[in-house]
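A.B. asks:
In our numbering, the protein residues as written are 10 to 582.
Below you can see the structure in the form of structure tokens.
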């Protein structure tokens, strides 16, 4: 074995080892066969082959030795050179040989130096990471079946409240609550069984004691009403749209009664249409009164934005009712009069009742007009724009119904007069068809305007521009995008926008409230990556809280400057 190895030149072993480790661009060149072995026994050969790793993160130096040295008990002194750059090592081939080269054709050594940047290890949080989540005491007791005494020993954290009228409240870390629940119940399976058992007991309690639950719910509602200011429904019908609707209900109810008597006495188709018209107006305005009473209810958990749209819903149903009951019956009676004409009795009483209806309907119409003029001045728009935009649907319905009633009375009286003069009953039937057409037009307008309001209609462009400019003039805001301002009814506006905040201003706002000397001392204590991470986590969370406080400040100022804006949603871009 030894003689065979002696016959093989040693650089072959070196080349095989290096070619196995080096890249293709750094393979050693072929060299002539080695000569000059020392005589007798094994040759005195010393050589060292370090691991060839181009991307090594540490400093290493490669030394080459040959057998031509005179050393007897150790390797000759290596030849070292200046350290090349990383780019040179990775891109340049091995140094060329010189005329006086050694066995390997290398007179210089190259050192590999790679600079490694310190990077924090990336953490995999997972899709359901809740270690840093906060949870309130009520949720902790309900979801994890704990008692108030179980929460006393947990870490308590004071957080700012998301509500304007509520002070900061106490929360707990969800990880602490979960650990406490496992400590109390022993295992996740036991906790799941307890949750299931409590759910079954709660369901049985609801099924077996419905009456008691209703009583408790009523008491809770009464308590809620006493602790939270509620709108006075009775006062709503003494002013504004409520007053207009109540006046219209009383007058139209009396008109229906007298017109019905006149139709029974005369048999006039036009008078029947007017009676049906008054009945439809009375029912629809009663529906409007119900909508007004429901629209002033306070928001609850099921309806967080309130019930202001109830006025539009009532007006929409009213428009449908006018079309079906008023226009439909008037057309039916008019067509039947054309197909089966009948002679009418004396129309004197009918004229008197129509004259009284004209006066009463005109009075209601004037009340509605005055109310709309007043509201239009408050909103800074014209009378026509207020009506077309259906700003107040209840008053709009009264206005249009009374206008149609006045025109209908004039139309019915004219057709009845033509019938009296000519003795032709067809004129009276045509009057019934005309009143039905007028009611159909009014109902179509009401359905269209209230549907537009219920779908979601933007406020005026000038008002949107005013709100946007207020936000853009704030130092903490760089830009505003995707602005949406929706009319919720009852002069309530919901405003939404995506805000690009200036991080430098937010950071300065945070630093203004801190002790700079203390922060500088903390910076000087940062020696390792762990220290840097803890420092950044601490102040990064505080800066995020400052950003949230800036959002709350903008929302509050926006509501104070624009009282009609009730709901503000500012999203951080």
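Ideal Cβ placement from N, Cα and C applies to all residues, glycine included.
Around the C-beta of residue 294, are 16 or more other C-beta atoms found within 10 angstroms, so that it is buried, or is it exposed?
C.D. replies: Working through the chain shown from its first residue, we reach residue 294 at position 285. Result: buried.
A.B. asks: Tell me the start and end of each unbroken beta strand (DSSP E) in the stretch 396 to 468 that is at least 3 residues and wholly inside, in chain order.
C.D. replies: Runs of the beta strand (DSSP E) inside the stretch 396 to 468: none found.
A.B. asks: Can you tell me the Cα-Cα spacing of residue 286 and residue 459, whole angstroms?
C.D. replies: Indexing the chain shown from 1 puts residue 286 at position 277. Indexing the chain shown from 1 puts residue 459 at position 450. Roughly 21 Å separates the two Cα atoms.
A.B. asks: Can you tell me the Cα-Cα spacing of residue 542 and residue 552, whole angstroms?
C.D. replies: What you label residue 542 is simply residue 533 of the chain shown in a count that begins at 1. What you label residue 552 is simply residue 543 of the chain shown in a count that begins at 1. Computed Cα separation, rounded: 15 Å.
A.B. asks: Excluding the 5 residues preceding and the 5 following residue 144 in the sequence, name in chain order all residues of the same chain whose CB lies nearer than 7 Å to its CB.
C.D. replies: Counting from 1 along the chain shown, the entry for residue 144 is found at position 135. Excluding sequence neighbours, residue 144 sits near 180, 181, 183, 186.
A.B. asks: State yes or no: is the C-beta of residue 366 within less than 8 Å of the C-beta of residue 268?
C.D. replies: Within the chain shown, the letter at position 357 stands for residue 366. Within the chain shown, the letter at position 259 stands for residue 268. Yes, they are a contact pair.
A.B. asks: Measure the beta-carbon distance from residue 155 to residue 190 and round it to whole angstroms, keeping in mind my assumption that it falls under 8 Å.
C.D. replies: The residue labelled residue 155 in the question sits at position 146 within the chain shown. The residue labelled residue 190 in the question sits at position 181 within the chain shown. Rounded, the Cβ-Cβ distance is 6 Å, consistent with contact.
A.B. asks: Who are residue 576's beta bridge partners in DSSP?
C.D. replies: For the purposes of this step, residue 576 is identified with residue 567 of the chain shown, where counting begins at 1. According to DSSP, residue 576 bridges with 503.
A.B. asks: Excluding the 5 residues preceding and the 5 following residue 178 in the sequence, name in chain order all residues of the same chain whose CB lies nearer than 6 Å to its CB.
C.D. replies: On the chain shown, residue 178 is found 169 positions in, with the first residue counted as 1. Counting only Cβ-Cβ distances below 6 Å, and skipping sequence neighbours, we find 170.
A.B. asks: Counting pairs of Cβ atoms below 8 Å between the stretch 333 to 341 and the stretch 357 to 373, do you hit three or more?
C.D. replies: No, the stretch 333 to 341 is not in contact with the stretch 357 to 373.
A.B. asks: Is residue 486 helix, strand or coil when you go by DSSP?
C.D. replies: The residue labelled residue 486 in the question sits at position 477 within the chain shown. Correct three-state label for residue 486: strand.
A.B. asks: Is any heavy atom in the ligand MN found nearer than 7 Å to the beta carbon of residue 169?
C.D. replies: In the structure on display, the ligand MN does not appear, and there are no ligands present to speak of.
A.B. asks: Can you name, in chain order, every residue of its own chain whose Cβ lies under 7 Å from the Cβ of residue 323, other than the five neighbours on each side?
C.D. replies: Taking the chain shown and counting its residues from 1, one reaches residue 323 at position 314. Once the five neighbours on either side are set aside, the close Cβ partners of residue 323 are 296, 297, 299, 300.
A.B. asks: Can you tell me the Cβ-Cβ gap for residue 402 and residue 321, rounded? I've got them flagged as a contact below 8 Å.
C.D. replies: Along the chain shown, one-based indexing puts residue 402 at 393. Along the chain shown, one-based indexing puts residue 321 at 312. Their Cβ separation, rounded to whole angstroms, is 5 Å, which keeps residue 402 and residue 321 in contact under 8 Å.
A.B. asks: So does the stretch 483 to 492 actually touch the stretch 514 to 526, counting three or more Cβ pairs closer than 8 Å?
C.D. replies: Yes, the stretch 483 to 492 touches the stretch 514 to 526.
A.B. asks: Could you tell me the alpha carbon to alpha carbon distance between residue 362 and residue 281, rounded to whole angstroms?
C.D. replies: Here residue 362 is taken as the residue at index 353 of the chain shown, counted from 1. Here residue 281 is taken as the residue at index 272 of the chain shown, counted from 1. Looking at the two C-alpha atoms, the distance is approximately 12 Å.
A.B. asks: Taking the DSSP output, what are the residues bridged to residue 509?
C.D. replies: For the purposes of this step, residue 509 is identified with residue 500 of the chain shown, where counting begins at 1. Answer is 488.
A.B. asks: Roughly how many angstroms separate the alpha carbons of residue 580 and residue 492, rounded to a whole number?
C.D. replies: As a first step, residue 580 must be located in the chain shown, where it is residue number 571. As a first step, residue 492 must be located in the chain shown, where it is residue number 483. Their backbone Cα atoms lie some 10 Å apart in a straight line.
A.B. asks: Put residue 167 into one of helix, strand or coil per three-state DSSP.
C.D. replies: Numbered from 1 along the chain shown, position 158 holds the residue referred to as residue 167. It is a strand residue.
A.B. asks: When the Cα of residue 313 is compared with those of 338, 503, 535, which residue comes out closest?
C.D. replies: Walking along the chain shown from the start, residue 313 turns up at place 304. Answer by Cα proximity: 503.
A.B. asks: Taking the CB atoms as reference points, tell me whether residue 441 and residue 279 lie closer together than 8 Å.
C.D. replies: For the purposes of this step, residue 441 is taken as the residue at position 432 of the chain shown. For the purposes of this step, residue 279 is taken as the residue at position 270 of the chain shown. Against a cut-off of 8 Å, the Cβ pair of residue 279 and residue 441 comes out as a contact.
A.B. asks: In chain order, what residues of the same chain lie with their CB nearer than 7 Å to the CB of residue 265, ignoring the 5 residues before and after it?
C.D. replies: Taking the first residue of the chain shown as position 1, residue 265 is located at position 256. Result list for residue 265: 284, 287, 288, 291, in chain order.
A.B. asks: Cα-Cα, which of 159, 343, 161, 176 is closest to residue 167?
C.D. replies: Mapped onto the chain shown, residue 167 falls at position 158. It is 176 whose Cα lies nearest to the Cα of residue 167.
A.B. asks: Kindly identify the DSSP beta-bridge partner or partners of residue 143.
C.D. replies: The residue given as residue 143 occupies position 134 in the chain shown. Answer is 182.
A.B. asks: Does DSSP put residue 156 in a helix, in a strand, or in coil?
C.D. replies: Position 147 of the chain shown, counted from the first residue, corresponds to residue 156. It is coil, neither helix nor strand.
A.B. asks: Is residue 496 helix, strand or coil when you go by DSSP?
C.D. replies: Counting from one through the chain shown, the residue named residue 496 turns up at place 487. Note: residue 496 maps to strand in three-state DSSP.
A.B. asks: What first and last residue would you give for the alpha helix (DSSP H) that runs through residue 177?
C.D. replies: By 1-based counting over the chain shown, the position of residue 177 is 168. From DSSP, residue 177 is part of no alpha helix (DSSP H); its letter is neither H nor E.
A.B. asks: In chain order, what residues of the same chain lie with their CB nearer than 8 Å to the CB of residue 203, ignoring the 5 residues before and after it?
C.D. replies: Stepping through the chain shown from its first residue, residue 203 is reached at position 194. Excluding positions up to five away in sequence, the list reads 154, 194.
A.B. asks: Near residue 462, which residues of its chain fall below 6 Å by C-beta distance, leaving aside the five closest residues on each side in sequence?
C.D. replies: Taking the chain shown and counting its residues from 1, the one referred to as residue 462 is at position 453. Once the five neighbours on either side are set aside, the close Cβ partners of residue 462 are 321, 399.
A.B. asks: Would you decide whether residue 428 is buried or exposed? Buried here means 16 or more other CB atoms lie within 10 Å of its CB.
C.D. replies: By one-based count along the chain shown, residue 428 stands at place 419. Buried: at least 16 other Cβ atoms inside 10 Å.
A.B. asks: Taking just the CA atoms, how far does residue 139 sit from residue 526?
C.D. replies: On the chain shown, residue 526 is found 517 positions in, with the first residue counted as 1. On the chain shown, residue 139 is found 130 positions in, with the first residue counted as 1. Spanning the two alpha carbons is a distance of roughly 35 Å.
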